[in-house]
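In numbering that gives the first Met the number 0, the protein residues as written are 0 to 252. See below for the structure under consideration.
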Amino acid sequence: MPVAKVFVRKPSPSFRMALSGHPDKNSIDFDLACKQHLAYAEALEGIGLSVEYLPPLDDCPDGPFVEDVSVVFDAFAIACPMTELSRQSEAVSVLERIKTMRPVIELPSGCKMDGGDVLRTEKSIFIGVSKRTNRQAIEALAKLSPIPVHAVPVTKGLHLKSAVSCLSEDVLLVDRSCVDPELFPKFRSIEISPEDGYAANVLRVGDVLILPAGYPKVRAIIQKEDLFRKIIELDMSEFEKADGGLTCLSIFI
Ligand code: CIR
0 MPVAKVFVRK PSPSFRMALS GHPDKNSIDF DLACKQHLAY AEALEGIGLS VEYLPPLDDC
60 PDGPFVEDVS VVFDAFAIAC PMTELSRQSE AVSVLERIKT MRPVIELPSG CKMDGGDVLR
120 TEKSIFIGVS KRTNRQAIEA LAKLSPIPVH AVPVTKGLHL KSAVSCLSED VLLVDRSCVD
180 PELFPKFRSI EISPEDGYAA NVLRVGDVLI LPAGYPKVRA IIQKEDLFRK IIELDMSEFE
240 KADGGLTCLS IFI
């Protein structure tokens, strides 16, 4: 899918109250989070993407994690029926903006889904059955999707994409302690150890890969594959404390 726009949302001071199971969640440094967010947006611009800032939301601590709000296809987008009540109002401004670009479809009631569970590959979509996404939503999305959809149980952590990323159309980066690599039969999985698990979420933009800083073993494994022209490392410490990874901070349209 050619990318026209990337939406991001700066943290607001309420970001310190983001939902999180991380042991350091109470030490989120708001100023540092803002700097890290700016570096993220600038990295995307540096790759040549057109970055658009959605308005910060004072009442939505998890507002920067825009990925969770929608799943965007070429011809339409899905409004994710988010499980967490505190996150539901984040959707309005994102969906209003997406609606100017393509129709937005709601899933039937009873469906629960966060965009962070939706891993897109060229020929299929893998969706995590997780704390935030149920099978009913996966079945509903499968009826709308132009390509096959596969449900994948997430046994630890928040979302499917917290534990697995696509490095190319046939290579995945996986933390086996959260998701079973055998469930992706057409892919070769590169496994990383659970202590490096945060680095399972990487952001691929063409031949550039963005990786969280501080994971030299993961960087070395990826470099060995020789899939990327450039690897950019970004410090994500404050977003990690809020259970968010690199992909969570943007929506590609
Ligand atoms: C949450 O718990 O919903 C946020 N604190 C983190 C969301 C991260 N989003 C993502 O992985 N796509």
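The beta carbon of each residue, even a glycine, is placed where N, CA and C say it ideally should be. Given the structure is predicted, the values throughout are model-derived calculations rather than measurements.
Hey, out of the options, whose CA is closest to residue i's CA?
i	options	result
Ile-27	Lys-4, Leu-53, Asp-61	Asp-61
Gln-35	Arg-228, Asp-225, Pro-211	Pro-211
Lys-4	Ile-46, Glu-121, Ser-13	Ile-46
Ser-162	Val-173, Val-50, Thr-154, Ser-144	Note that residue 162 is Ala in the sequence shown, not Ser. Selected option, being the one with the closest Cα: Val-173.
Around the C-beta of residue i, are 16 or more other C-beta atoms found within 10 angstroms, so that it is buried, or is it exposed?
i	result
Asp-116	buried
Gln-222	exposed
Gly-243	buried
Met-81	buried
Given 7 Å as the limit, tell me if residue i has its C-beta closer than that to any heavy atom belonging to ligand 1.
i	result
Arg-86	yes
Lys-9	no
Cys-59	no
Asp-206	no
Leu-106	no
Asp-28	no
Gly-115	yes
Asp-67	yes
Cys-247	yes
Leu-18	yes
His-158	yes
What is the rounded straight-line gap between the Cα of residue i and the Cα of residue j?
i	j	result
Arg-175	Leu-118	16 Å
Ile-230	Phe-251	19 Å
Leu-53	Arg-8	5 Å
Ser-249	Val-151	23 Å
Asp-206	Tyr-197	21 Å
Met-16	Lys-240	11 Å
Ser-236	Lys-24	11 Å
Asn-133	Leu-140	11 Å
Ile-189	Val-65	27 Å
Ala-136	Arg-187	27 Å
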